[in-house]
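Step one of this worksheet: look at the structure below.
Residue numbers (UniProt numbering): 1 to 831.
Encoded structure:
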């Protein structure tokens, strides 16, 4: 290869730099190199040097490369791959090599992030259009409409809103912009209205005043109403008429008629002229309608903005920085720099930034903002910490286990946002009405026009036009469309503040109808942290030998009973062995083998299936433990019964009171467990539960649920384990404990963050209040249109001479939407 700065080969006038992909003028290029009989041109000396070092790598024809750096005067500037800021490669001291490329950074912190995880930032560069949380916009009335940029809903015309609220979003700036626009429209509309009222006050308006009125009204309608006309036009293209169809038609007709009447009054027949032969104009009506609709949009937007307050409150729980410990030095770092495995210091009065576990220190942590429980929770080494909670007293050192979207708080926010976007079954009523609403309103406007034109007083056609415009304006379906989704948004946020995570709107609506509550025992009624209370060896086996084999077998299990055995083995310092061919028998136990033994550990049914029938004396001794509320697990070694274990799980402190309150509200309480009948009935006696189904397999649990539903019961099932998933799916409402397995939480429609049954009471109360609120909203919307349309059409005129001005119709239309949003906001104080 020969490399030189003045190329001797002729080429076309334009070429592409093989390094950064920029277009280069070959006739004026200062940097070029020859390789394999071809001349390559470069935008700068840096690209040429990189090519000369590895010509074979860059000489192959490839699509346009992403510019990793560019000439200082080039059109495409270099971007820091972490923060996206423009960087001068020659000036910045921060560089890093990865996969044969040099990357440049604006600061040392960006370089440090990139070096720690280059794949993440390069993936973001390769997919700049990938949707990110908070960047997707949706319609509050039609959540199925989603796009990655702001705009208007193609179905209803409303402005799209972010699916995920952001603390960085400048709401104050939007308020100021909308407020300025509104006050400017008011300033332009007020003179139009006053000039139009002069003749009614017995005053004569000069000719110049008419021109001023027409000019100002035109600015208001054509400029101020431009968004309404654009949305109305877009609704006609796929023929999805909406509220802006009615608004744009009404105001457009009023303004166009007035302009023609003002400029060319001679073209109108007698039916449009008053007793003095004048053709009336309605500039003030068109201008006032646009201003009032803008006012309604502004008030509705401000009220709707408050529905995301709950999610913003959750987002605000996380501090912006964390105090990281590294090599004995404490340093405050931005939260996005915290990584799994880091050690953090949480001082008294500080919020926990991410999820993790306590390494050292003792304190009381306030978890009320996540769970709704007012009492601080004691924390000691080994206890979990949740991001967003408040450290009340002592200093803690924690190890980070979850960051970003993997934290509990982030998952809560995502689930609440999903529930807010879902549709409740009651929404079907509004959807069915909306399908024919706009055509029906247009038909009503035509009938109103025809009635006034045929039977009305002079000028008949002018009165007919005003009646038709009033019908179109007052019948805006905005209130009807907002009635259900706005209540669901507020209720979901309120539920999250109380530690209740509804999966969707249907779950919120259905919870109020539950009359039967089925409860799993372990982890639901009890704490789910069993402890080993008894080891009974048989034959020549020792306690330590049995405990070591059982713990070796259970070390691969996530079941709470298995964890109790492994915890006891660790405390006793028993050596654990490797286990092969491990198998979990759902609802029965586990089996596997070590190098010396074949093992099976579980309940009596598993022993029988494994060819290890239990003697009567053994069963009797096991029953003695069960009478104390303990669960008995048998261990078989090489086909022979070797002993058994007694594991006890304490009842949660809040369970008795919660069950009393649930029964007092008429709920039928049923215990459904795979545990032995004697153990189950011992727990049931303590909790005053009359109906118990014990020794039930996962499939059997689902069958019990189906049986209750066949009896006409509305069933909620609460559980926390993998074996509860079929029953959770079979129930009308599945309720998962927040500390339970991922399978249970994914299957359930409601998750209790702290796993306390008192949350079911709050969820049921919130469900009732939400459905009541939705019905109120639907009533307001239906009754408003049922009364408003006939009044606007003029049904009172024959009796009292009263008619509706389009201005009054516009004000009523705006207030109807605001009233629906305001009523929904009352749910912020529910339950």
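Ideal Cβ placement from N, Cα and C applies to all residues, glycine included.
Neighbour flag for residue i against chain B, beta carbons, 8 Å
i, result
"residue 267", "This model lacks chain B altogether; it includes just one protein chain."
Cβ neighbour criterion (16 or more within 10 Å) applied to residue i
i, result
"residue 329", "exposed"
"residue 583", "exposed"
"residue 315", "buried"
"residue 627", "exposed"
"residue 224", "buried"
"residue 779", "exposed"
"residue 769", "buried"
"residue 452", "buried"
"residue 102", "exposed"
"residue 730", "buried"
"residue 255", "buried"
"residue 620", "exposed"
"residue 580", "exposed"
"residue 251", "buried"
"residue 294", "buried"
"residue 446", "exposed"
"residue 616", "exposed"
"residue 487", "buried"
Residue i and residue j closer than 8 Å at C-beta
i, j, result
"residue 287", "residue 217", "yes"
"residue 353", "residue 377", "no"
"residue 502", "residue 750", "yes"
"residue 639", "residue 611", "yes"
"residue 489", "residue 764", "no"
"residue 689", "residue 630", "no"
"residue 654", "residue 734", "no"
"residue 283", "residue 266", "no"
"residue 544", "residue 568", "no"
"residue 361", "residue 321", "no"
"residue 674", "residue 696", "yes"
"residue 113", "residue 337", "yes"
"residue 358", "residue 383", "yes"
"residue 642", "residue 546", "yes"
DSSP-derived helix/strand/coil call for residue i
i, result
"residue 51", "helix"
"residue 105", "strand"
"residue 714", "coil"
"residue 351", "strand"
"residue 385", "strand"
"residue 819", "helix"
"residue 437", "helix"
"residue 752", "strand"
"residue 282", "coil"
"residue 825", "helix"
"residue 690", "coil"
"residue 585", "strand"
"residue 31", "strand"
"residue 317", "coil"
"residue 698", "helix"
"residue 559", "coil"
"residue 651", "strand"
"residue 18", "coil"
"residue 598", "strand"
"residue 399", "strand"
"residue 345", "strand"
"residue 96", "strand"
Those residues which DSSP pairs with residue i across a bridge
i, result
"residue 391", "365"
"residue 250", "Per DSSP, none; premise fails for residue 250."
"residue 518", "670 and 717"
"residue 645", "535 and 633"
"residue 501", "751"
"residue 734", "717"
"residue 326", "329"
"residue 137", "147 and 162"
"residue 152", "159"
"residue 591", "583 and 600"
Report yes or no: do three or more beta-carbon pairs, one from the stretch 779-788 and one from the stretch 528-547, lie closer than 8 Å?
The count of Cβ pairs closer than 8 Å, one atom from the stretch 779-788 and one from the stretch 528-547, stays below three, leaving the stretches out of contact.
Pair every Cβ in the stretch 674-682 with every Cβ in the stretch 562-575, then say whether three or more of these pairs are closer than 8 Å.
no
Given 8 Å, three or more beta-carbon pairs between the stretch 503-518 and the stretch 696-709
Judged by pairs of C-beta atoms under 8 Å, the stretch 503-518 touches the stretch 696-709, as three or more such pairs exist.
Check whether the stretch 461-478 and the stretch 245-262 touch, using three or more Cβ-Cβ pairs below 8 Å as the test.
Touching, yes, given that three or more Cβ pairs across the two stretches are closer than 8 Å.
Assess, as a yes-or-no matter, whether the stretch 391-398 is touched by the stretch 345-361 under the definition of 3 or more beta carbon pairs within less than 8 Å.
yes
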